[in-house]
Structure formats: C-alpha cells, structure tokens
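Structure first, then comments.
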Amino acid sequence: MNVLIATDKPFAKKAVDGIRTIVEQAGMTLSLLENYTTQEQLLGAVSKADALIVRSDKVTREVVQVAPNLKIVVRAGAGYDNLDLEACSSRNIVAMNTPGQNSNAVAELALGMMIYMARKQFQPGTGSELRGKTLGVHAYGNVGRLVAGLAKGFGMEIYAYDPFIPASVMQADGVHVANTLEDLYSRCDYISLHIPANDATKGSIGKSLLSLMPQGACLINTARKEVMNEEELEAVLAERTDLKYATDIAPGNIDALRAQFDTRVFATPKKMGAQTQEANVNAGLAAARQIVAFLKNGDKTFQLNK
Ligand code: 3PG
Numbered sequence: 004m005n006v007l008i009a010t011d012k013p014f015a016k017k018a019v020d021g022i023r024t025i026v027e028q029a030g031m032t033l034s035l036l037e038n039y040t041t042q043e044q045l046l047g048a049v050s051k052a053d054a055l056i057v058r059s060d061k062v063t064r065e066v067v068q069v070a071p072n073l074k075i076v077v078r079a080g081a082g083y084d085n086l087d088l089e090a091c092s093s094r095n096i097v098a099m100n101t102p103g104q105n106s107n108a109v110a111e112l113a114l115g116m117m118i119y120m121a122r123k124q125f126q127p128g129t130g131s132e133l134r135g136k137t138l139g140v141h142a143y144g145n146v147g148r149l150v151a152g153l154a155k156g157f158g159m160e161i162y163a164y165d166p167f168i169p170a171s172v173m174q175a176d177g178v179h180v181a182n183t184l185e186d187l188y189s190r191c192d193y194i195s196l197h198i199p200a201n202d203a204t205k206g207s208i209g210k211s212l213l214s215l216m217p218q219g220a221c222l223i224n225t226a227r228k229e230v231m232n233e234e235e236l237e238a239v240l241a242e243r244t245d246l247k248y249a250t251d252i253a254p255g256n257i258d259a260l261r262a263q264f265d266t267r268v269f270a271t272p273k274k275m276g277a278q279t280q281e282a283n284v285n286a287g288l289a290a291a292r293q294i295v296a297f298l299k300n301g302d303k304t305f306q307l308n309k
C-alpha cells in the first residue's frame with residue numbers, strides 16, 4: 004500500500020518522520036510530494052496512491068479520477084472545504100479530517116493577531132491593551148473554545164455565538180452567550196471568526212454585521228477567506244475609519260486594502276494558523292494513524308462522507 008503526503012505547504016520534518024514511522028511499521032510505503040506548484044505534479048503523484056494525506060490542498064474530482072487505487076483521503080486538519088466529498092463518495096473513497104489536532108496553534112495565532120493590532124502593528128505610537136475588552140467568539144468549536152480560554156487569561160470578557168453548541172457548554176466555560184450574531188457583533192471590541200466555509204457561510208460576513216461593531220473594533224479572521232464579503236469589507240473600512248481587520252488568509256483585494264487603510268489591515272503572507280511543529284505533528288500523525296486503522300481494520304472514525 005502506498006501512502007502519499009501531498010502538501011503544497013509542507014509539514015515540519017518531525018511530522019513527516021513520524022508519519023513515515025507509522026506507515027512503515029504498518030508495512031506500507033510513504034511517498035512525498037511537497038511544495039508542488041502545478042496540478043500535473045499532484046495528478047502524477049496521486050495516480051499511484053492507495054491513501055492520501057493533504058492539508059489545504061484541493062482534492063477535486065479530477066484528482067480522485069486519476070487515482071484508481073485510492074481508498075482514503077485524510078485532510079490533516081479541521082476544515083475540509085478543500086475536499087470534493089461527492090467525488091470521493093462516487094469512487095467509494097473514504098474522506099476524513101483530524102478535528103482538534105491543530106486547534107491550539109490557530110487559537111494562539113488569533114490572540115497574537117489581537118495583540119499585534121492592539122499595538123498598531125508595532126509601529127511607533129500609543130496602542131491599547133486586551134484586558135477589560137470584550138471578545139466575541141463567532142463559532143464555539145475546538146478553536147473558538149481555546150481562543151476563549153486564552154483570552155480569559157488576558158482579562159477579556161468573552162461572548163460567543165454558536166447555534167450548534169448548547170448554551171450550557173459556553174456558560175460552563177464562563178462565556179456569555181450571545182443570542183444572535185447581531186448581538187455578538189454589536190457588543191464586542193474584538194470578533195474572532197471560527198466558522199467553516201460552506202454554502203451557508205460563504206460571503207456572510209459583510210456590511211450588516213461589521214457596521215454594528217463598536218468604535219475602534221477589530222475583526223480577526225483565522226478561519227477562511229471565503230466567509231468574507233470582501234467588497235463590503237472594503238466599503239465598511241472606508242466608511243468606518245476606526246475599524247480594523249486582521250486575517251490569516253489574504254483577501255483578493257488585499258493590495259487595495261493595504262493602500263487605503265495602512266495599519267488598520269493586516270494579512271499574513273501565507274496561511275500560517277496551523278503552521279507550528281506541534282500542530283503538524285498532531286495532525287499529521289493522527290492522519291497516518293487513521294489511514295492505518297482504516298486500511299488494516301476498516302475503522303471509519305472521522306469519516307466525513309457518510
Ligand atoms: C484547518 O482547517 O485545519 C486549518 O485551516 C489549517 O490549514 P492548513 O493545514 O492548510 O495550514
């Protein structure tokens with residue numbers, strides 16, 4: 004059995020070494036395609052694979068169609084908007100993710116971005132502190148919950164909105180429950196986004212929510228680029244000269260935003276929320292273990308395309 008790691012953004016070496024050990028101990032072989040730049044490279048490599056480990060790499064219908072032996076795809080990470088689940092199902096390929104394994108890295112980055120924006124991107128001048136400010140956690144999943152816990156340590160007052168999580172879970176963490184998104188956005192000095200990109204959320208963060216935010220507020224996006232309405236974001240930042248936006252996924256209009264709004268806008272050069280050795284090891288090794296458990300024992304825990 005051939006397990007392929009295909010990562011446009013490579014794992015840390017320690018993670019690749021750990022994955023290799025798990026795969027080889029199971030009597031399988033490991034192939035590695037890192038830093039690839041063309042779809043042809045991915046198509047060529049996957050054509051011989053029985054199992055595939057990816058990060059945000061796009062597993063399209065074309066990818067699964069050129070892989071006659073492919074039985075399982077594991078997205079080493081949480082968000083699986085990069086997997087064509089229907090295409091996988093049509094070829095009886097099991098698709099999985101590794102929820103929670105890289106959450107701490109993303110949560111720490113969200114806090115780092117809050118501090119960076121509060122201190123005006125470390126430019127000369129007077130910034131502000133997080134203590135005493137309100138934080139709105141938009142979606143209280145693995146990352147949102149960790150962000151809330153870290154922010155509490157900074158003395159922030161935390162609100163959260165998540166229609167899929169019982170209020171009692173948030174309350175038990177000492178988090179105030181916002182009844183509506185409007186309530187969350189209008190209360191909070193910082194909003195940290197942790198929603199997935201899907202049909203319901205794409206383009207959903209725009210003028211109607213952003214314009215509710217209090218004076219001097221900042222939106223932190225370590226979730227997905229696609230959830231933003233980028234045109235409306237630009238318009239609101241122009242109208243509300245007090246608002247700020249920091250993101251781990253540069254919007255399509257980042258050059259225009261930077262030119263107009265200077266230190267009120269920040270985007271990392273390449274998505275780096277989960278780019279720590281710890282997160283790579285946690286998610287990468289989990290992916291390898293899930294593949295071995297499936298190929299050896301038919302274990303389908305974490306299957307997404309049921
Ligand atoms: C995730 O959904 O797990 C994160 O966005 C991490 O994505 P990455 O593996 O591409 O860094």
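Counting from 1, position 64 in the sequence shown corresponds to residue 67 in the working numbering; the numbering is continuous, with no gaps.
Where a beta carbon is used, it is the ideal one built from N, C-alpha and C, also for glycine.
Note that the structure is predicted; figures quoted are calculated from it, not measured.
| query | result |
| --- | --- |
| Taking threonine 244 as the reference, which of Val230, Ala29, Glu229, Leu213 has the closest Cα? | Leu213 |
| Does DSSP classify glycine 115 as helix, strand or coil? | helix |
| For ligand 1, I want to know if serine 59 counts as a neighbour, meaning its beta carbon is within less than 6 Å of at least one of the ligand's heavy atoms. | yes |
| Going by CA-CA distance only, name the one from Ala81, Glu27, Ala296 that's closest to alanine 286. | Ala81 |
| Should alanine 15 and glutamine 280 be called a contact, given that it needs their Cβ atoms to be closer than 7 Å? | yes |
| Less than 6 Å between the CB of alanine 81 and some heavy atom of ligand 1, yes or no? | yes |
| Taking the alpha-carbon positions, what's the valine 178 to valine 69 distance? | 48 Å |
| Give the single residue among Asn300, Lys303, Val284 whose Cα lies nearest to the Cα of arginine 23. | Val284 |
| With a CB to CB cut of under 6 Å and the five nearest residues on each side skipped, what residues in its chain are close to asparagine 308? | Leu88, Cys91, Ser92, Ala98 |
| Does the pairing of the segment 237-251 with the segment 214-222 give three or more beta-carbon distances under 8 Å? | yes |
| Looking at phenylalanine 297: is its Cβ nearer than 7 Å to the Cβ of isoleucine 75? | yes |
| Could you check how far apart the C-beta atoms of leucine 240 and glycine 209 are, in whole angstroms? I think they sit under 8 Å. | So it is not a contact: roughly 12 Å between Cβ atoms. |
| Can you list, in chain order, the residues of its chain with a C-beta nearer than 7 Å to that of glutamate 37? Leave out the 5 residues immediately preceding and following it. | Thr10, Pro13 |
| Taking DSSP as the reference, what is the three-state secondary structure of phenylalanine 264? | helix |
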